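Under my numbering, the final residue of the sequence shown carries the number 607; numbering is consecutive throughout.
No residue lacks a Cβ here, since even glycine has one placed at the ideal position from N, Cα and C.
Note that the coordinates shown come from a computational prediction; the quantities given were computed from them, not determined experimentally.
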Amino acid sequence: MVRIAVLDQDRCRSKDCGLVCYKYCPKVRSKIEAIKFDKGQQNPTIVESLCSGCGICIRKCPFKAISIINLPNELEADCSHRFGPNTFKLFRLPTPMHGAVTGLLGKNGIGKTTSFKILSGELKPNLGDYLSPPDWSQIIRFYRGSILQEYFENLSKKRLKVIHKPQYIDKIDRVVSGKVKGLLSKIDERKKFEYLSRQFSLEKLWDRTIDVLSGGERQLVAVAATLCREGDVYLFDEPSSYLDIRERLNVAKEIRNLADYGKIVFVAEHDLAILDYLSDQICVLYGEPGVYGIISKPHGVRVGINIYLDGYLPDDNVRFRSEPIVFHASPSIPQVKSSNIFLRWNHMEKVFEGFRLDISPGEVHDGEIIGVLGPNGIGKTTFIKLLAGLDKPDVGTAPVQENLVVSHKPQYLAIERRATVEQLLRDAAGDDFSSSHYNTEIAQPLKLNKLFDHLLSQLSGGELQKTLIAACLSKKAQIYLIDEGSAYLDAEERLSMAKVVRRVVESRGAVAFLVEHDVIVADYVSDKVMVFSGDSGVEGHANSPMNLREGMNIFLEDLGITFRRDPQNGRPRVNKSGSKLDSWQKSIGEYYYSSVGDGESS
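Structure below.
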């Protein structure tokens, strides 16, 4: 049995806890130093070879800083990297393939970015030996007989040029500066600058500097910069973040085209529809975030994503989720929620300098969740602000009356930096915060319990997103407004968030509006959809709420893409452009779901 003991250095406060892990450890009480303090070391070290795995230290630690996991002995031979004692441990690596796109699918903190750093050469794999790291010859010998042997041999001799699009594009202005056109033209090794400028609509950004770009604009520039450079291996870490669905598809098509040139391409992505669309094979990552991660062998796209949703990996005979994720069995049939009209609005208009939003009349019944779909800059956030009462229409009357309580999670994550997670949620939930119902319905599904004592300013993007969604849903309101709730979340967290929204809305007889760019999340949670169309940044039109099938058909027809259903779990899948199934669905005007089989051959 391989034992992994991880101590979260950010959570551990040995000065404040009375060293309960050391005092109550049975091994220490028996004069065996399973937990020790080295000279000059503030926090303890858990000696894994001496630890019995009893779990007493885990339960006694008041700051939940200790994790101890037991794994099969066979895995020890597959360890690819460990950062130090009591730190994250990564097993195996993705398999590179020429002329193919390999997708990496797993939770946040499970090893995707670490894998990319190893494959790019930024981080040399130490095979678990952080005290005496191996040299390249030992690493190559370790992977002998596999594709990675040749890969690392070429990487060590600098015969591979790796182009890496990093995960955090909001920090790129710290390493590069200048205007967009000048930056892209300087690195245009593949002569793709003009073409990509048209595909990604970058012409309007040419004279802007990187530091003034929005998140979506930075993402498009970062992807374009990666695609302009000539390399042998391309690594894309979350390329769809901040982008709307049309931009995501455009980016996916260009990444997919790299495989036609025989390139090795890896993509880590949380949008399952986009990952399905651009990948040739999938490596599933499972484990415990921040503790350990295991990378599966490559599977076909459909099989790999379905393994992830099912939560069971046959290769390792491991169940990594207690229950499978299954989508609506018959989503094209509108569900009757209630005949009681909860909210109604008449025609409205909102005018800004250079932009006009026209909103059609609409109504919502209690218990309904409305998915709000459309490109960036088309007026979705403006509509949400009108519902929240943060803005007033120039034509028409405010839709929400004073007797209705509204809870709003905005698009951009603003916080009170000195507050803790617990303080924020307790203020929002009131007396309900201490109830078991609150814990099982909101805190536990969003995995917030371990974050209660953290300052909001210390949270990652995903942790902050879940916290603010929980705060929004904690308030006893009649209308919940969540603007881009899936941003920063991994695929599993997105679907968990959708489940929590559904339970809260139904239990309180409320309504919710979700602005969403992930089509699978919108499909998973929405009863109806509002489709926004028009000219981004110039004019937008908000259609009335309509049933899922009708709304999705209008939305997808405008994008020019079709979806089919996976027969195993009902998951929406994007048809390859120009495929037999894609052409047939377009010919009959059925862009959303096909009643025919899986269509995997397409």
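Here S541 carries a coil assignment [DSSP, helix/strand/coil]. Per DSSP, reduced to three states, the secondary structure at I73 is strand. For T567, there is no enclosing alpha helix (DSSP H), as DSSP gives it neither H nor E.
Looking from the CA of A229, the closest CA among L201, S206, R97 belongs to L201. For P77 and V25, the gap between their C-alpha atoms comes out near 29 Å. In terms of Cβ geometry, V106 and S301 do not form a close pair [threshold 7 Å]. Distances from the alpha-carbon of R64 to those of K44, I145, Y29, E155 put Y29 closest. Going by DSSP, F96 is part of the beta strand (DSSP E) stretching over 94–96. Collapsing the DSSP output to three states places E194 in coil. When G359, V52, N48 are compared, the shortest CA-CA separation from I40 is found for V52. Proximity to A496 across G292, L409, L280 peaks at L280, based on C-alpha coordinates. The criterion of a C-beta distance shorter than 7 Å is not satisfied by N444 and G401.
Within 10 angstroms of the beta-carbon of Y135 lie fewer than 16 other beta-carbons, which makes it exposed.
For D363, the enclosing beta strand (DSSP E) stretches over residues 360–364. Of the candidates I374, E489, R87, L12, R87 places its Cα closest to the Cα of P139.
Note that the region 219–235 does not touch the region 354–372; fewer than 3 beta-carbon pairs, one per stretch, sit closer than 8 Å. Residue pairing of R324 in beta bridges, as defined by DSSP: Y317.
Distance check between I484 and each of F518, N454, D321 places F518 closest, using alpha-carbon atoms only. In the DSSP assignment, Q286 falls within the beta strand (DSSP E) that extends over 286–293. Each residue's CA atom was taken as its position, placing L473 and K69 some 22 Å apart. Cβ atoms of A10 and C66 stay farther apart than 8 Å, at about 12 Å. Secondary structure at P101: coil, using DSSP grouped into helix, strand and coil. Runs of the alpha helix (DSSP H) lying entirely within the region 205–276 and spanning at least 4 residues, in chain order: 220–233, 250–264.
With 16 or more other CB atoms across the displayed protein chains lying within 10 angstroms of its CB, I374 is buried.
Contact between D488 and V520 is confirmed by a C-beta separation of about 5 Å, below the 8 Å threshold. Secondary structure note for F357: its beta strand (DSSP E) is the uninterrupted segment 353–357. In this structure, the beta-carbon distance from R8 to G60 does not fall below 7 Å.
Nearest to R423 by alpha-carbon distance, out of Q46, K390, L461, is L461. Its Cα nearest to that of H304, the residue L109 stands out among A393, T118, L109. If you look at C84, you'll find it in the beta strand (DSSP E) that goes 84–87.
Across the set L348, N113, I144, I364, the C-alpha of I144 shows the shortest separation from the C-alpha of G126. For K117, the enclosing alpha helix (DSSP H) stretches over residues 117–125. Pairing S206 with G545, the inter-Cα distance amounts to about 18 Å. The closest CA to that of L500, considering only V530, V509, V510, is found on V530. In the DSSP assignment, A517 falls within the unbroken beta strand (DSSP E) covering 516–520. V411 sits away from A434, with the two beta carbons spaced by 7 Å or more.
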